[in-house]
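Some notes on the structure that comes next.
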Amino acid sequence: DQQVKQNSPSLSVQEGRISILNCDYTNSMFDYFLWYKKYPAEGPTFLISISSIKDKNEDGRFTVFLNKSAKHLSLHIVPSQPGDSAVYFCAASLTGNQFYFGTGTSLTVIP
Amino acid sequence: NAGVTQTPKFRILKIGQSMTLQCAQDMNHNYMYWYRQDPGMGLKLIYYSVGAGITDKGEVPNGYNVSRSTTEDFPLRLELAAPSQTSVYFCASSYGRGFSYEQYFGPGTRLTVT
Chain A
1 DQQVKQNSPS LSVQEGRISI LNCDYTNSMF DYFLWYKKYP AEGPTFLISI SSIKDKNEDG
61 RFTVFLNKSA KHLSLHIVPS QPGDSAVYFC AASLTGNQFY FGTGTSLTVI P
Chain B
112 NAGVTQTPKF RILKIGQSMT LQCAQDMNHN YMYWYRQDPG MGLKLIYYSV GAGITDKGEV
172 PNGYNVSRST TEDFPLRLEL AAPSQTSVYF CASSYGRGFS YEQYFGPGTR LTVT
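As you go down the protein sequences, you meet chains A and B in turn. Quick note, the first sequence lines up with residues 1 to 111 if you use this note's numbering. Quick note, the second sequence lines up with residues 112 to 225 if you use this note's numbering.
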């Protein structure tokens with residue numbers, strides 16, 4: 001059973017506009033959430049994270065929002081750049097030992 | 112620092128053969144992980160380790176074994192390869208609980224079992 005879901009397999013955005021990637025989870029015990037970016041033939045690279053005690057975290061062009069009551073988090077990229085084109089995975093942690101990943105959203109930023 | 116290294120990059124196995132996927136990290140991380148990624152799917156945790164001599168099962172451990180004799184190395188063993196184990200395998204490491212949950216991933220091993 002998929003505990004972390006990314007329901008949009010793909011997303012296309014014009015350069016300079018906002019990209020919003022969404023993620024839903026089912027287990028209310030998850031205490032930490034992360035976003036990773038992945039290019040083809042490479043391992044995922046860490047992007048940004050958020051603890052369950054917060055509802056927002058920013059790092060440059062990237063902001064993650066957490067809505068615990070809806071069991072939903074989102075990643076905002078502003079402004080989007082062509083180099084942001086990649087597959088984005090959200091992940092949720094249970095006690096920092098086990099991690100559950102979504103199926104990924106492929107973002108294409110159109111120049 | 113080399114970060115997380117994995118060998119081999121590619122491998123083709125016949126059904127029933129065995130092999131070991133190697134993983135090493137030079138960041139002095141306590142935690143190490145093995146994941147598999149099937150086409151169109153997310154990463155699934157196979158096994159993880161919170162330190163040398165300590166390992167535990169993840170979501171999909173069947174058909175695999177691990178050991179952690181040193182902080183640096185975390186090999187994954189496939190004993191009797193099956194077609195269902197065709198996948199891309201990623202090793203990762205992190206400082207772990209109380210420090211940072213951010214995981215550093217290796218480049219992956221693409222395994223085909225025929």
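For each residue, glycine too, the CB sits at the ideal point set by N, CA and C.
Would you say residue i and residue j are within 7 Å of each other, going by their C-beta atoms?
i       : j       : result
M143(B) : F185(B) : yes
V115(B) : G207(B) : no
V78(A)  : V13(A)  : no
L222(B) : F101(A) : no
S74(A)  : L107(A) : no
G169(B) : I157(B) : yes
N118(B) : Q136(B) : It should be noted that the sequence gives Thr, not Asn, for residue 118(B). Contact flag unset, no.
V171(B) : P194(B) : no
For residue i and residue j, I'd like the C-alpha separation in whole angstroms.
i       : j       : result
P82(A)  : L21(A)  : 16 Å
V87(A)  : K5(A)   : 14 Å
Q98(A)  : I50(A)  : 16 Å
N139(B) : S93(A)  : 21 Å
G162(B) : T181(B) : 8 Å
S178(B) : I165(B) : 8 Å
Y25(A)  : W35(A)  : 13 Å
E42(A)  : Y215(B) : 12 Å
M29(A)  : G104(A) : 22 Å
Assign residue i to one of two classes, buried (16 or more other C-beta atoms within 10 Å of its C-beta) or exposed (fewer than that).
i       : result
S198(B) : buried
I18(A)  : exposed
P44(A)  : buried
R188(B) : exposed
I126(B) : exposed
T220(B) : buried
Y159(B) : buried
A113(B) : exposed
Starting from the C-beta of residue i, find all residues in its chain whose C-beta is less than 6 Å away, skip the five residues before and the five after it, and write them out in chain order.
i       : result
D59(A)  : I48
H72(A)  : D24
E190(B) : S129
Which residues in the same chain have their Cβ closer than 7 Å to the Cβ of residue i, if we skip the five residues on either side of it in sequence?
i       : result
D149(B) : S198
F46(A)  : L34, Y36
Can you name, in chain order, every residue of its own chain whose Cβ lies under 8 Å from the Cβ of residue i, other than the five neighbours on each side?
i      : result
F62(A) : W35, L47, I48, L75, H76, I77
- Item | the region 63-83 of chain A touching the region 119-126 of chain B, judged by at least three CB pairs closer than 8 Å | Contact fails: fewer than three Cβ-Cβ distances are below 8 Å.
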